[in-house]
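Novice: Would you mind keeping the following structure in view while I ask a few things?
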Amino acid sequence: MKQHKTILILAPHTDDGEFGCGASINKWISEGKEVYYATFSACKQSVLPQFPEDILITEVKEATSTLGIKPENLILFDYEVRTFNYHRQAILDDLIKLREKINPDLVLMPSLNDIHQDHKTIAEEGLRAFKFKSILCYEMPWNNLNFNTASFSILEKKHVDCKLLALEKYQSQAHRPYSKPEFIRGLAISRGVQISSEYAEVFEVLRWII
Numbered sequence: 315m316k317q318h319k320t321i322l323i324l325a326p327h328t329d330d331g332e333f334g335c336g337a338s339i340n341k342w343i344s345e346g347k348e349v350y351y352a353t354f355s356a357c358k359q360s361v362l363p364q365f366p367e368d369i370l371i372t373e374v375k376e377a378t379s380t381l382g383i384k385p386e387n388l389i390l391f392d393y394e395v396r397t398f399n400y401h402r403q404a405i406l407d408d409l410i411k412l413r414e415k416i417n418p419d420l421v422l423m424p425s426l427n428d429i430h431q432d433h434k435t436i437a438e439e440g441l442r443a444f445k446f447k448s449i450l451c452y453e454m455p456w457n458n459l460n461f462n463t464a465s466f467s468i469l470e471k472k473h474v475d476c477k478l479l480a481l482e483k484y485q486s487q488a489h490r491p492y493s494k495p496e497f498i499r500g501l502a503i504s505r506g507v508q509i510s511s512e513y514a515e516v517f518e519v520l521r522w523i524i
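Each residue of the sequence shown is one higher than the one before, counting from 315 in my numbering.
Rendered as structure tokens:
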């Protein structure tokens with residue numbers, strides 16, 4: 315990871331990046347890496363009626379700040395949830411603009427085997443836009459049909475704790491089973507066991523440039 319100083323996280327929806335690699339984001343920032351976070355939908359059409367429709371914009375700002383991401387490194391797009399496949403070219407154009415502006419050394423995105431239609435679109439268009447960059451795909455077990463556990467990020471308790479603090483900001487998503495702290499910590503423990511570490515997050519290696 316020494317050669318990867320500028321990292322771009324592609325999150326189809328606000329909170330996907332935190333769920334997929336929040337602890338690693340906090341770790342990388344603590345190591346002095348510049349991390350950018352681009353999210354493509356605040357899911358206004360899916361927000362529960364007791365919350366303001368733009369609640370996820372507030373929550374993602376708080377969550378990414380908790381992880382250590384600079385406010386100016388948070389990029390918000392406004393695509394309607396579950397319609398990304400109808401806007402492929404526009405999304406690709408946005409990704410290419412990010413590539414030219416940020417020029418990341420490493421890109422994190424969902425797996426190509428993610429069965430959520432928006433996640434899959436970001437993964438496919440992300441590969442097209444960043445095919446000359448190193449690319450890792452983060453794990454989202456509730457959506458991954460298959461997942462190749464090829465790369466592990468060794469974590470400390472403080473990184474996992476920070477991820478949990480960030481995800482606590484998403485009160486509008488607290489009803490989702492995968493938001494439970496015991497699940498998130500348990501997954502990090504399970505991945506750590508695989509590499510004889512206390513905690514870890516796992517990634518598919520889509521492209522690795524040395």
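By construction, the Cβ of each residue, glycine as well, lies at the ideal position given by its N, Cα and C atoms.
All figures in this text were calculated on a predicted structure; none of them were measured in a lab.
Which runs of the beta strand (DSSP E) at least 3 residues long sit entirely within the region 403-454? Give them in chain order.
Specialist: Runs of the beta strand (DSSP E) inside the region 403-454: 420-424, 448-452.
Novice: What three-state label does DSSP hand R521 in the structure shown?
Specialist: Working through the sequence shown from its first residue, we reach residue 521 at position 207. The answer is strand: DSSP assigns R521 an E or B state.
Novice: Nearest by alpha-carbon distance to L422: which of H318, Q317, L322 is it?
Specialist: Counting from 1 along the sequence shown, the entry for residue 422 is found at position 108. The option with the nearest alpha carbon to L422 is L322.
Novice: Thinking C-alpha only, which one of L324, G336, G331 is nearest D475?
Specialist: As a first step, residue 475 is located in the sequence shown; it is residue number 161 there, counting from the start. Nearest C-alpha to D475: G336.
Novice: Return the CA-CA distance between W342 and I383, expressed in angstroms with no decimal places.
Specialist: Along the sequence shown, read from residue 1 onward, the residue named residue 342 stands at position 28. Along the sequence shown, read from residue 1 onward, the residue named residue 383 stands at position 69. Their backbone Cα atoms lie some 10 Å apart in a straight line.
Novice: Can you tell me where the alpha helix (DSSP H) with V349 in it begins and where it stops?
Specialist: Locating residue 349 in the sequence shown gives position 35, where the first residue counts as 1. From DSSP, V349 is part of no alpha helix (DSSP H) but of the beta strand (DSSP E) over 348-353.
Novice: Where does N462 sit, in a helix, a strand or coil, going by DSSP?
Specialist: Residue numbering aside, residue 462 sits at position 148 when the sequence shown is read from its first letter. Here N462 sits in coil by DSSP.
Novice: Output the distance between the C-alpha atoms of F391 and Q359, rounded to the nearest integer angstrom.
Specialist: Position 77 of the sequence shown, counted from the first residue, corresponds to residue 391. Position 45 of the sequence shown, counted from the first residue, corresponds to residue 359. Cα-Cα distance, rounded: 15 Å.
Novice: What residues are listed by DSSP as bridge partners for L322?
Specialist: Here residue 322 corresponds to residue number 8 of the sequence shown, with the count starting at 1. For L322, which the question treats as bridged, DSSP gives the partners Y350, V421.
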